[in-house]
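Residue numbers for the sequence shown follow numbering that gives the first Met the number 0, beginning at 0 and rising by one. From the three backbone atoms N, C-alpha and C, an ideal C-beta is built for every residue, glycine too. Heads up, the thing below is written out as structure tokens.
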Amino acid sequence: MDERFAKYKPKKFLGQNFLTDVNIAKKIVSAFELSDDDIILEIGPGYGSLSKHIAGKCSKYYAVEIDSGCIKSLRETLGNQVIIFEKDFLEFDFEKDLKPTSKKIKIAGNIPYHITSAILFKLFDNSDKLDFAVLMMQKEVAQRLVAKPETKQYGILSVQTNYFAFPELLFTVSPGAFFPKPRVNSAVVKLKFLKREPFENETLLRNVVRESFGKRRKTLRNSLKQLFEVNNIKPEKIEFDLSRRPESLGLKEFIFLSNEILKQGVTIVQ
């Protein structure tokens with residue numbers, strides 16, 4: 000156990016579980032295949048479990064941290080090798096906080112488990128600026144990211160993730176690798192962000208996916224009634240049966256359905 004952690008009591012409201020296993024930290028960093036021209040941004044570096052293996056090995060290293068004790072420790076340890084933004088990552092502005100660059104950013108982070116989804120959606124919203132992310136998260140959530148149709152774990156997060164990125168579960172991590180020990184197993188996931196053709200209405204796609212899985216035991220026709228005048232959809236234009244359940248649809252089918260709703264001018268329920 001690193002003696003520095005004895006000085007600081009982890010803040011439960013920040014969801015802090017500090018990674019203390021050096022071998023796991025090195026394994027995570029190795030997934031970056033760091034080069035001199037890389038731009039790395041780390042979410043919630045804490046006391047620098049990953050930072051010490053990243054700083055000085057890339058062109059620019061940024062960290063977003065809200066805990067003043069962690070910030071003080073990082074500055075003492077890394078000095079000018081890291082540029083720290085003292086804020087909540089959910090308040091971080093990629094446009095305003097970072098200087099414009101043509102180089103794609105790589106994201107690192109042992110992210111707070113209670114806001115994992117919010118962090119992921121923020122990354123998705125800025126995916127055009129990102130190369131890939133290597134993130135530690137709750138194993139159960141990681142399994143949802145990589146889940147396939149017709150499986151128990153497949154849902155909203157699975158579809159949204161695959162729209163913006165190619166997800167890969169790299170390895171799992173036991174509670175003993177952290178201080179304090181979380182009550183769940185963790186996993187490290189790599190998200191390779193994809194360059195997609197602009198979709199006419201991404202908000203519509205999100206709404207279709209959300210409403211579909213909100214009542215996942217119902218058919219698509221019944222679950223989408225809260226969002227559209229479903230009876231106005233011309234079934235002959237749809238390549239699949241609306242009596243199917245949402246967990247049977249892949250990403251391409253959700254995109255097709257959303258596009259067809261736009262084309263047909265189906266009325267959105269107010």
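Are the CB atoms of residue j and residue i within a distance shorter than 9 Å?
i, j, result
"residue 187", "residue 42", "no"
"residue 257", "residue 184", "no"
"residue 131", "residue 59", "no"
"residue 45", "residue 148", "no"
"residue 159", "residue 119", "yes"
"residue 177", "residue 49", "no"
"residue 252", "residue 150", "no"
"residue 163", "residue 195", "yes"
"residue 129", "residue 103", "yes"
"residue 114", "residue 89", "yes"
"residue 155", "residue 74", "no"
Decide if residue i is buried, meaning its Cβ has at least 16 other Cβ atoms within 10 Å, or exposed.
i, result
"residue 21", "exposed"
"residue 47", "buried"
"residue 161", "buried"
"residue 85", "exposed"
"residue 64", "buried"
"residue 66", "buried"
"residue 105", "buried"
"residue 240", "exposed"
"residue 101", "exposed"
"residue 175", "exposed"
"residue 31", "buried"
"residue 126", "buried"
Straight-line CA distance for residue i to residue j?
i, j, result
"residue 263", "residue 226", "15 Å"
"residue 116", "residue 212", "16 Å"
"residue 72", "residue 35", "25 Å"
"residue 62", "residue 216", "42 Å"
"residue 14", "residue 122", "19 Å"
"residue 269", "residue 260", "Reliability fails at residue 269, whose pLDDT of 47 lies under 50, so the model's placement of it is uncertain and the value that follows must be treated cautiously. Their Cα atoms are separated by approximately 16 Å."
"residue 157", "residue 140", "10 Å"
"residue 87", "residue 224", "37 Å"
"residue 179", "residue 153", "30 Å"
"residue 255", "residue 168", "27 Å"
"residue 76", "residue 40", "17 Å"
"residue 220", "residue 124", "29 Å"
"residue 171", "residue 33", "22 Å"
"residue 238", "residue 244", "15 Å"
"residue 23", "residue 16", "14 Å"
Since residue i sits in a beta bridge, which residues does DSSP pair it with?
i, result
"residue 173", "DSSP, once it has assigned bridges, lists no residue as partnering residue 173."
"residue 137", "185"
"residue 109", "135"
"residue 128", "Answer by DSSP bridge pairing: none, since residue 128 is not bridged."
"residue 83", "62"
"residue 164", "192"
"residue 201", "In the DSSP output, where bridge partners are listed per residue, residue 201 has none listed."
"residue 41", "62 and 107"
"residue 18", "177"
Examine the Cβ distances between the stretch 121–141 and the stretch 96–113 and report whether three or more of them are shorter than 8 Å.
yes
Measuring CB atoms only, is the stretch 76–85 touching the stretch 49–63, in the sense that at least three cross pairs come out at less than 8 Å?
At 8 Å Cβ cutoff, the stretches touch.
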